[in-house]
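**Q**
2 protein chains.
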Amino acid sequence: MKPVTLKQIAETLGISITTVSKALKDYPDVSKKTKALVKDLAQTLNYKPNSFAVNLRTKESKTIGLIVPEIVHHFFSSVIKGIISQAEKKGYLVITLQSNESYDLERKQIELLLNKRVDGILISLANQTADYNHLNAVMSNNTPLVMFDKIAKLVKCSKVLINDREAAYKATQHLIDTGCKKIAHFRGPLLPQNSIDRFLGYKKALIDNGITYDSSLVYILKDMSYEEGRFYAKKLVDEHEGVDGIFINTDLVAIGAITEFNSLKIKVPEDISVIGFSNWFMSSVISPSLTTINQPGFEIGKKAFKLLYKEINSKKNDKIINFKEVILDTQLVLRESTKS
Amino acid sequence: MKPVTLKQIAETLGISITTVSKALKDYPDVSKKTKALVKDLAQTLNYKPNSFAVNLRTKESKTIGLIVPEIVHHFFSSVIKGIISQAEKKGYLVITLQSNESYDLERKQIELLLNKRVDGILISLANQTADYNHLNAVMSNNTPLVMFDKIAKLVKCSKVLINDREAAYKATQHLIDTGCKKIAHFRGPLLPQNSIDRFLGYKKALIDNGITYDSSLVYILKDMSYEEGRFYAKKLVDEHEGVDGIFINTDLVAIGAITEFNSLKIKVPEDISVIGFSNWFMSSVISPSLTTINQPGFEIGKKAFKLLYKEINSKKNDKIINFKEVILDTQLVLRESTKS
Chain A
38 MKPVTLKQIA ETLGISITTV SKALKDYPDV SKKTKALVKD LAQTLNYKPN
88 SFAVNLRTKE SKTIGLIVPE IVHHFFSSVI KGIISQAEKK GYLVITLQSN
138 ESYDLERKQI ELLLNKRVDG ILISLANQTA DYNHLNAVMS NNTPLVMFDK
188 IAKLVKCSKV LINDREAAYK ATQHLIDTGC KKIAHFRGPL LPQNSIDRFL
238 GYKKALIDNG ITYDSSLVYI LKDMSYEEGR FYAKKLVDEH EGVDGIFINT
288 DLVAIGAITE FNSLKIKVPE DISVIGFSNW FMSSVISPSL TTINQPGFEI
338 GKKAFKLLYK EINSKKNDKI INFKEVILDT QLVLRESTKS
Chain B
38 MKPVTLKQIA ETLGISITTV SKALKDYPDV SKKTKALVKD LAQTLNYKPN
88 SFAVNLRTKE SKTIGLIVPE IVHHFFSSVI KGIISQAEKK GYLVITLQSN
138 ESYDLERKQI ELLLNKRVDG ILISLANQTA DYNHLNAVMS NNTPLVMFDK
188 IAKLVKCSKV LINDREAAYK ATQHLIDTGC KKIAHFRGPL LPQNSIDRFL
238 GYKKALIDNG ITYDSSLVYI LKDMSYEEGR FYAKKLVDEH EGVDGIFINT
288 DLVAIGAITE FNSLKIKVPE DISVIGFSNW FMSSVISPSL TTINQPGFEI
338 GKKAFKLLYK EINSKKNDKI INFKEVILDT QLVLRESTKS
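Protein chains in written order, with my numbering: chain A, 38 to 377; chain B, 38 to 377.
1. Name, in chain order, the residues that DSSP records as bridge partners for residue 331 of chain B.
2. Is DSSP giving residue 261 of chain A helix, strand or coil here?
3. Please list, in chain order, the chain A residues whose beta carbon lies closer than 7 Å to that of residue 154 of chain B.
4. Over what stretch of residues does the beta strand (DSSP E) that includes residue 114 of chain A continue unbroken?
5. Between B:353, B:366 and B:322, which has its C-alpha nearest residue 335 of chain B's C-alpha?
6. Compare the C-alpha of residue 325 of chain B against each of B:128, B:85 and B:313 and name the closest.
7. Opposite residue 105 of chain B in the DSSP bridges: which residues?
8. So residue 416 of chain B and residue 105 of chain B are in contact, right, with Cβ under 8 Å, and what is the actual spacing, rounded?
9. Would you please verify whether the beta carbon of residue 118 of chain A is less than 7 Å from any beta carbon of chain B?
10. Decide if residue 65 of chain A is buried, meaning its Cβ has at least 16 other Cβ atoms within 10 Å, or exposed.
11. Ignore the nearest five residues each way along the sequence and tell me which others in residue 279 of chain B's own chain have a CB closer than 7 Å to its CB.
12. Just checking: is the beta-carbon of residue 311 of chain A within a distance shorter than 7 Å of some beta-carbon in chain B?
13. Kindly say whether residue 85 of chain B, judged by its beta-carbon, lies nearer than 7 Å to any beta-carbon of chain A.
14. Given a threshold of 16 other Cβ atoms within 10 Å of its Cβ, counted over all protein chains shown, does residue 292 of chain B qualify as buried or as exposed?
15. Checking the sheet assignment: what are the DSSP bridge partners for residue 222 of chain A?
16. In this structure, does DSSP put residue 196 of chain B in helix, strand or coil?
17. Tell me which residues of the segment 311-332 of chain B have at least one Cβ-Cβ distance to chain A shorter than 7 Å, keeping chain order.
18. In or out: residue 100 of chain A buried (at least 16 other Cβ within 10 Å) or exposed?
19. Compare the beta carbon distance of residue 60 of chain A and residue 54 of chain A with 7 Å and say whether it is the shorter of the two.
20. Can you pull out the residues from the segment 107-140 of chain B whose beta carbon lies closer than 9 Å to at least one beta carbon of chain A?
21. Residue range of the beta strand (DSSP E) that residue 182 of chain A falls in?
22. Identify whether residue 130 of chain B lies in helix, strand or coil by the three-state DSSP scheme.
23. Excluding five sequence neighbours on each side, which residues of the same chain lie with their C-beta closer than 8 Å to the C-beta of residue 311 of chain A?
24. Is the separation between the beta-carbon of residue 260 of chain A and that of residue 231 of chain A shorter than 7 Å?
25. Counting Cβ pairs, one atom from each stretch, are 3 or more of them under 8 Å apart for the segment 131-151 of chain A and the segment 138-149 of chain B?
26. Looking only at its own chain, which residues have a Cβ that is under 6 Å from the Cβ of residue 254 of chain B, when we skip the five neighbours before and after it?
27. Would you please verify whether the beta carbon of residue 287 of chain B is less than 7 Å from any beta carbon of chain A?
28. Identify, in the order they occur along the chain, each residue of the same chain with its Cβ nearer than 6 Å to the Cβ of residue 289 of chain B, setting aside the five sequence neighbours on each side.
29. Provide the residue span of the alpha helix (DSSP H) that contains residue 82 of chain B, from first to last.
30. Just checking: is the beta-carbon of residue 292 of chain A within a distance shorter than 7 Å of some beta-carbon in chain B?
31. Please state whether the Cβ-Cβ distance between residue 206 of chain B and residue 242 of chain B is less than 7 Å.
32. Say whether chain A places a C-beta atom closer than 7 Å to the C-beta of residue 95 of chain B.
33. Expressed to the nearest angstrom, what Euclidean distance is found between the alpha-carbon atoms of residue 307 of chain A and residue 319 of chain A?
34. Note down the Cα distance separating residue 86 of chain A from residue 108 of chain B, rounded to an integer number of angstroms.
35. Whose Cβ in chain A lies nearer than 9 Å to the Cβ of residue 173 of chain B?
36. Could you please tell me which residues of the segment 339-351 of chain A, in chain order, have their CB closer than 9 Å to any CB of chain B?
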């Protein structure tokens, strides 16, 4: 069954296509009687406006693109949910892509979304991304772009963030306040801005509290997995004595570390305190439950869409786009893996 | 900056639009020299074919729609990942929507996707969905539709499933084999086919093993949350004595139940054995870790897209579409929450 066209409705009623089109859009210069006739027939025939033709006319697709490094991930799935819920309210659909932390894939996906003529793009960068030409291409293509979580400082666009440095400082300060003196850090890879900032927050808290910074206590992780958490927890106790606290870049890794300590009969928090980052749901159900920093994924997603929506509308109305940097609050969530 | 058009390229080179179009598509009746000129200029000007016009011509959007009840959910996010990874390989983009288990929302989303003229739709039904007119509308609109996980038996379309009844039987049999005699069941809501089938598998295993079925040991949950797991675990021990095993419809609920038993000082599995369903990642890191049935989310997603892709192509080539029902394997995953 082929979709019904305006032409068929016009022919059936013996009126012009223009009149049909105007009737469906409630133009005042079409009589009430004609409008009723057209609308009834359109409904009976299950008429749907051809969205491709509408797109061609309005130059809008009413879709946006979203690229995240990983979907099966509590933080990113919360962000996706926030974006989709907000987009739906404004009549936008979201095309989601996963970069798998790969720069090459991310670059291709940006190209794909631009070819698709999405109205805007939301992105959290892959860990591998160190070159920003693909993002600058989005900007020079005049397509609104909003970055969140893993952003590039050098790209001039709107961003939704938390204050990673301050939050990491808060986490490390909590370890110090509860008596830890030799504090390790499992950090993320070298490139992403958020793993740099969390590391800097950790370091600053040590220095501000008169604790000598020891680079051998900082481990650089690659894929931020549960397995890496286990591996580096073992490595840490093999290589160092007397470590009594760790600040870990992401909850999933911290959960791996706690599991490893449990299996090594190292008591958390009595022997070593552990604090994570992001507040994944599962952090509240493991034993001991994980003290962490709450990173509001759902709100980050909502806010990122709102900024993008504003820019899409500014562009449509030929207004100047002012880039914004929105910083959302984080909270320290106290649980069992640190001392009271 | 407005996108460059074929017309501009044609005017710049002083040739016809048709020649430009043919040159970009490597038609044999355009000289090599002209092709080189056109392609070089197109690249310099960053020319991109207008995807809306391409859609209008090919009547294809190269996008598909996906509706899931919930995104922040280990099983569904795994399915989404499987679908997106497979779709990308075939050059399709995926629009994801979340029904929040609401029939009304699901119906609107189907309408939205049809209006958007997606090439196909993948769906796992909301718990509330008991009326299938919106799905039949997809079929009568001649848009390929594949259902997975929560399906409607009455809708004639392709489906990707596990054998829920058999898997639930296997789970319950494991409780019986490890010595449980009074076995409760936390089931899902009344409507979804998979919660019906899991309940039937549980019941059949009891009967086949000569254990009298007691309907008061079956609790009907609403939203399948962690909190419900805690609530019903408490209710179960308040209402019954001597229950030594539970089969729980979903891992998340089982994790809630184990947490509640831990806090009530009821030992798992010594006092009560717990078996879940789905194999969420966090089931392996809680204490005691959860014995469960592995439901292969990523593979379900991949397979669902593959079926849809086949149907999209059959439709394009005016071939008859044969609906398929693919049943994927499940495995019993033995951990600490059941006896050995």
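Even glycine gets a Cβ: it sits at the ideal position worked out from N, Cα and C.
A quick note: this is a predicted structure, and the numbers were derived from the prediction, not measured.
**A** Short version:
1. B:315 and B:368
2. Note: residue 261 of chain A maps to coil in three-state DSSP.
3. 88 and 89
4. Looking at the DSSP string, residue 114 of chain A is not in any beta strand (DSSP E); the run it does join, the alpha helix (DSSP H), is 111-126.
5. B:366
6. Selected option, being the one with the closest Cα: B:313.
7. B:135
8. Nothing about residue 416 of chain B can be reported from this structure: the residues present for chain B run from 38 to 377 only.
9. Contacts with chain B at 7 Å (Cβ-Cβ) include residue 118 of chain A.
10. Counting the other Cβ atoms within 10 Å of the Cβ of residue 65 of chain A gives fewer than 16, which makes it exposed.
11. 219
12. no
13. yes
14. buried
15. Bridge partners of residue 222 of chain A: A:255 and A:284.
16. When secondary structure is reduced to three states using DSSP, residue 196 of chain B falls in the strand class.
17. Within the segment 311-332 of chain B, the qualifying residues are 319, 322, 323 and 324.
18. buried
19. no
20. 107, 108, 109, 110, 111, 113, 114, 115, 117, 118, 121, 122, 125, 128, 130, 131, 132, 133, 134, 135 and 137
21. In the DSSP annotation of this structure, the continuous segment of the beta strand (DSSP E) that includes residue 182 of chain A starts and ends at 182-185.
22. Of the three classes helix, strand and coil, the one that applies to residue 130 of chain B here is strand, per DSSP.
23. Once the five neighbours on either side are set aside, the close Cβ partners of residue 311 of chain A are 282, 283, 285, 291, 294, 295, 298, 305, 327, 328, 374 and 375.
24. No.
25. Flag = no, the segment 131-151 of chain A and the segment 138-149 of chain B do not touch.
26. 221
27. No, because no Cβ of chain A sits closer than 7 Å to the Cβ of residue 287 of chain B.
28. 263
29. Where residue 82 of chain B is concerned, there is no enclosing alpha helix (DSSP H), given that its DSSP letter is neither H nor E.
30. yes
31. yes
32. no
33. Taking the straight line from one Cα to the other gives about 22 Å.
34. 30 Å
35. Residues of chain A passing the Cβ test: none, with the nearest at roughly 12 Å.
36. Only those residues of the segment 339-351 of chain A whose C-beta falls short of 9 Å from the nearest C-beta of chain B would be listed, and there are none.
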